[in-house]
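S.K.: The structure's right below; bear with me while I get my questions together.
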Amino acid sequence: MSSSFHASTVDWLGCWIAAGQVKPGETIKVEADLGEQLGVSRTVIREAIKTLVAKGMLEVGPKVGTRVLPVRRWNLFDPQVVGWLSRSGLPENFVDDLLDLRRTIEPMAVRWACERATVEQVQAIQQAYNALERAVDSGVDYNRADQIFHECILAASHNQFIEQMVPALGALLAVSFEVSAADPDELRRTLPIHKDMADAIAARDAARGVWACMTLIDNADLAIKRFYPKVMADKKAG
Numbered sequence: 101m102s103s104s105f106h107a108s109t110v111d112w113l114g115c116w117i118a119a120g121q122v123k124p125g126e127t128i129k130v131e132a133d134l135g136e137q138l139g140v141s142r143t144v145i146r147e148a149i150k151t152l153v154a155k156g157m158l159e160v161g162p163k164v165g166t167r168v169l170p171v172r173r174w175n176l177f178d179p180q181v182v183g184w185l186s187r188s189g190l191p192e193n194f195v196d197d198l199l200d201l202r203r204t205i206e207p208m209a210v211r212w213a214c215e216r217a218t219v220e221q222v223q224a225i226q227q228a229y230n231a232l233e234r235a236v237d238s239g240v241d242y243n244r245a246d247q248i249f250h251e252c253i254l255a256a257s258h259n260q261f262i263e264q265m266v267p268a269l270g271a272l273l274a275v276s277f278e279v280s281a282a283d284p285d286e287l288r289r290t291l292p293i294h295k296d297m298a299d300a301i302a303a304r305d306a307a308r309g310v311w312a313c314m315t316l317i318d319n320a321d322l323a324i325k326r327f328y329p330k331v332m333a334d335k336k337a338g
């Protein structure tokens with residue numbers, strides 16, 4: 101079985117389900133029908149379904165067939181699942197829950213980074229901030245630079261559970277940044293707060309770092325409240 105056929109089939113099915121083409125509790129097409137539609141063998145479809153079962157999106161039973169599970173059962177710490185959901189427009193409660201998650205994890209990660217970051221990690225955070233500043237001035241992919249900046253801080257927390265969550269948290273952060281960055285003034289307004297956070301970690305000033313982190317998340321919350329409908333409308337129109 102070609103890995104490219106498998107990957108593209110998983111991606112198509114994941115997007116199709118995440119876009120709500122099949123509702124939770126409903127049964128998806130039989131393997132032969134899907135294979136004919138996508139131009140792949142039953143074996144490729146079967147293996148793709150196994151992958152989505154492992155991600156919590158589907159369940160397979162002898163009497164019920166292959167059914168779509170509710171989103172709450174999906175592995176939302178899987179970057180691929182988050183990517184599929186974000187392509188079709190995330191429900192607002194998802195973004196609210198994401199902000200709650202950020203408030204739960206990021207301030208403590210900043211505090212631990214202030215206490216535990218190595219010299220090399222402090223330098224990496226400063227370099228990530230410099231890249232962020234250049235991205236604002238040049239108009240390049242600011243969201244990606246912002247994501248890298250926050251991932252550097254999460255890694256510097258030296259908490260093995262947070263470190264293992266970095267890929268998933270990075271994907272979730274990207275969703276948050278995409279919405280909040282729809283505010284044209286948001287990028288420049290929050291740049292000094294990013295600098296405060298980077299400088300606080302370098303100075304081992306946990307109180308200042310946590311304050312900066314919470315301020316960033318609160319700013320993102322306000323921007324999302326203002327611009328979320330427009331971002332989702334543009335995404336669905338595209």
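For what it's worth, this note's numbering labels the leading residue of the sequence shown as 101, then goes sequentially.
All residues carry an ideal CB built from backbone N, CA and C; glycine is no exception.
Everything numeric in this text was worked out from a predicted model, so none of it was measured.
With distances taken from CA atoms, which of ASP246, ILE317, ASN243 and GLN221 is nearest SER257?
M.R.: Counting from one through the sequence shown, the residue named residue 257 turns up at place 157. Considering only alpha carbons, the answer is GLN221.
S.K.: Beta-carbon within less than 8 Å of ARG98's beta-carbon, same chain only, minus the 5 sequence neighbours each way: which residues are those?
M.R.: In the structure displayed, the chain extends from 101 to 338; residue 98 sits before or after that span and is not available.
S.K.: According to DSSP, simplified to helix, strand and coil, what is GLY135?
M.R.: Within the sequence shown, residue 135 is the residue found at index 35, counting from 1. Helix at GLY135.
S.K.: What do you get for PHE249, buried or exposed, if any count of 16 or more other CB atoms within 10 angstroms of its CB means buried?
M.R.: Along the sequence shown, one-based indexing puts residue 249 at 149. PHE249 comes out buried.
S.K.: Answer yes or no: do CYS214 and GLY125 have a C-beta to C-beta separation smaller than 7 Å?
M.R.: Along the sequence shown, read from residue 1 onward, the residue named residue 214 stands at position 114. Along the sequence shown, read from residue 1 onward, the residue named residue 125 stands at position 25. For CYS214 and GLY125, no; Cβs fall outside 7 Å.
S.K.: My guess is that VAL171 and ALA271 are in contact by the Cβ rule of under 8 Å, so how many angstroms apart are they, rounded?
M.R.: By 1-based counting over the sequence shown, the position of residue 171 is 71. By 1-based counting over the sequence shown, the position of residue 271 is 171. That belief does not hold up - the Cβ atoms of VAL171 and ALA271 are roughly 15 Å apart, past 8 Å.
S.K.: Relative to the C-alpha of SER188, which candidate in ALA298, ARG216 and VAL275 has its C-alpha closest?
M.R.: As a working note, residue 188 is residue 88 in the sequence shown. When each option's Cα is compared against that of SER188, the closest is VAL275.
S.K.: In the DSSP assignment, find the alpha helix (DSSP H) that holds VAL182 and state where it starts and stops.
M.R.: If you number the sequence shown from 1, residue 182 lands on position 82. Segment 179-187, the alpha helix (DSSP H) holding VAL182.
S.K.: Hey, could you find the ends of the beta strand (DSSP E) THR52 is sitting in?
M.R.: Nothing can be reported for residue 52: it is not among the residues displayed for the chain, which extend from 101 to 338.
S.K.: Can you check the region 104-160 for any beta strand (DSSP E) of at least 3 residues that lies completely inside it and give the ranges in chain order?
M.R.: As far as the region 104-160 is concerned, it has no whole beta strand (DSSP E) run of at least 3 residues.
S.K.: If you draw a straight line from the C-alpha of GLN264 to the C-alpha of THR127, how long is it?
M.R.: Locating residue 264 in the sequence shown gives position 164, where the first residue counts as 1. Locating residue 127 in the sequence shown gives position 27, where the first residue counts as 1. When rounded, the distance between both Cα atoms is 34 Å.
S.K.: I'd like to check one pair, TYR229 with HIS294: are the Cβ atoms closer than 7 Å?
M.R.: By one-based count along the sequence shown, residue 294 stands at place 194. By one-based count along the sequence shown, residue 229 stands at place 129. Going by C-beta atoms, HIS294 is nearer than 7 Å to TYR229.
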